[in-house]
Amino acid sequence: METKLFKSEHDIPAAAEILRQGGLLGIPTETVYGLGANALDEEAVKGIFEAKGRPQDNPLILHIPHVDWLERYCENVPKEAYLLAEKFWPGPLTMILPKKDIVPLRTTGGLSTVGVRMPDHRLTLEIIRQADVPVAAPSGNTSGRPSPTKAEHMLEDMQGKIHGIFDGGACRVGVESTIVDLTVTPPRLLRPGGLSLEDLQSVLGEIVVDKAVTEKMKEGEKPRAPGMKYRHYAPKAPVTVVCGEPNKTAEYIREHLQKGNGVICFTEFAPLFEGYATQILGEVSNKHQQAQRVFDALRAFDSLPVTAIYAQCPDTEGLGLAVSNRLKKAAGFCVVEV
Ligand code: TXA
Ligand code: MG
3 METKLFKSEH
13 DIPAAAEILR
23 QGGLLGIPTE
33 TVYGLGANAL
43 DEEAVKGIFE
53 AKGRPQDNPL
63 ILHIPHVDWL
73 ERYCENVPKE
83 AYLLAEKFWP
93 GPLTMILPKK
103 DIVPLRTTGG
113 LSTVGVRMPD
123 HRLTLEIIRQ
133 ADVPVAAPSG
143 NTSGRPSPTK
153 AEHMLEDMQG
163 KIHGIFDGGA
173 CRVGVESTIV
183 DLTVTPPRLL
193 RPGGLSLEDL
203 QSVLGEIVVD
213 KAVTEKMKEG
223 EKPRAPGMKY
233 RHYAPKAPVT
243 VVCGEPNKTA
253 EYIREHLQKG
263 NGVICFTEFA
273 PLFEGYATQI
283 LGEVSNKHQQ
293 AQRVFDALRA
303 FDSLPVTAIY
313 AQCPDTEGLG
323 LAVSNRLKKA
333 AGFCVVEV
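Numbering (our numbering), first residue to last: 3 to 340.
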């Protein structure tokens, strides 16, 4: 199939039509590019799983253009959901709520709950409004690869497999949405993302951080966000994540680095790794930059002949929790503390 490339406002009706017709459309969001389809159309949703090579039990989240749509797809919406929506939507926050019957089990991977978010991207909000359907959209990468933060990256994975992609520029946030489960008390953080845990706590108070955020799941263990059990975001070469004070992590990497290895490091430490394939994560204190760069850095190594990759890990404050989670997942939790 030919993958059409859309770029201008005038293309919005054609893009919306793809969704209405049950097709697959790459959509820009503030977090990462998504692979969208009508969430209520089982055949269309099946297409998402096929194009990504995604396991059937890994549920999709719904993208809506207005908070009023929540009640169409979710039951027993608690007041906390509205408080969060008011404060953080449109934005990088996905809420897990009980689903209504209208949402097919194929979309939710067989679960009775559904994740919903309102993305903060003008073009995509308009596309969804015009399509007038909720859009199921996982990240637009082939399953297991780093999430795409640019239209070109999504094309690398999806050219010829989807009907179109809307190029809305580079993603502003760079890591996926934060996922909070509101069907349990206290609420539970299932995936750290573009909205910090601290921001969520400011509205919700106590939040339990799911074990899958910081630890590798054991054989047979079931995380609450099914997607968290898969090795993910992984470049082809094995990754080791080095956590601790930045001077120390740089020193550790310098000591262990061998010819042909690659490095993901903070801007300040790049001169130490001259002569090695290096991807810069951002300045030590600039977590926004690190979030924007983390997937591009991981993806860049796929076209470089490196045999192993060492990465400096940020601390877990603010967006650091999401950045460190993505690095650790890319490493299959091969983590060294120094
Ligand atoms: O920022 C984002 O969230 C991006 C953009 C495109 O919106 N989307 C995204 O989707 O990251 P995906 O499918 O790559 O990740 C969604 C995660 C998966 O780990 C999935 O298992 C989990 O959310 N999830 C979805 N529905 C769930 C549910 N009902 N209960 C628990 N976890 C759920
Ligand atoms: Mg994903």
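For every residue, glycine included, the Cβ atom is placed at its ideal position computed from N, Cα and C.
Beta carbon of E32 nearer than 7 angstroms to that of V175: In contact: E32 and V175 (Cβ atoms closer than 7 angstroms).
Contact with chain B by R131, beta-carbon distance below 7 angstroms: Here chain B cannot be found, since the structure has a single protein chain.
Per DSSP, the bridge partner or partners of E339: In DSSP, E339 forms a bridge with C245.
Pair within 7 angstroms by beta-carbon distance, E339 and C267: The Cβ-Cβ distance between E339 and C267 does not fall below 7 angstroms.
Per-residue burial, C336 [other beta carbons within 10 Å of its own, 16 or more giving buried]: Counting Cβ neighbours within 10 Å, C336 comes out exposed, since fewer than 16 surround it.
Residues whose Cβ lies closer than 6 angstroms to any heavy atom of the ligand MG, in chain order: A Cβ closer than 6 angstroms to some heavy atom of the ligand MG marks a residue here, and those residues are P140, S141 and S149.
Cβ-heavy atom distance, L95 to the ligand TXA, below 6 angstroms: No, the ligand TXA has no heavy atom inside 6 angstroms of this Cβ.
Member of E217, A299 and P273 whose CA lies at the smallest distance from the CA of P237: Closest option to P237, Cα to Cα, is A299.
Local Cβ density within 10 Å of G196, reported as buried at 16 or more and exposed below that: Counting Cβ neighbours within 10 Å, G196 comes out buried, since at least 16 surround it.
Sub-7 angstroms separation of G49 and L26 beta-carbons: Inclusion of G49 and L26 in the CB contact set at 7 angstroms is warranted, their separation being smaller than that value.
Sequence-distant residues of the same chain with beta carbon closer than 7 angstroms to V241, five excluded per side: If the five residues before and after V241 are omitted, its C-beta is found closer than 7 angstroms to the C-beta atoms of I311, A313, A332, A333 and C336, all from its own chain and listed in chain order.
Uninterrupted beta strand (DSSP E) stretches inside the region 137–220 (no shorter than 3 residues): Whole beta strand (DSSP E) segments, 3+ residues: 166–168, 180–183 and 190–193.
Backbone secondary structure at V325 - three-state DSSP: Correct three-state label for V325: helix.
Bounding residues of the alpha helix (DSSP H) (the contiguous stretch that carries V108): Correcting the residue identity first, residue 108 is Arg in this sequence and not Val. R108: not part of any alpha helix (DSSP H); DSSP gives it neither H nor E.
Span separating the alpha-carbon of F297 from that of G142: Computed Cα separation, rounded: 12 angstroms.
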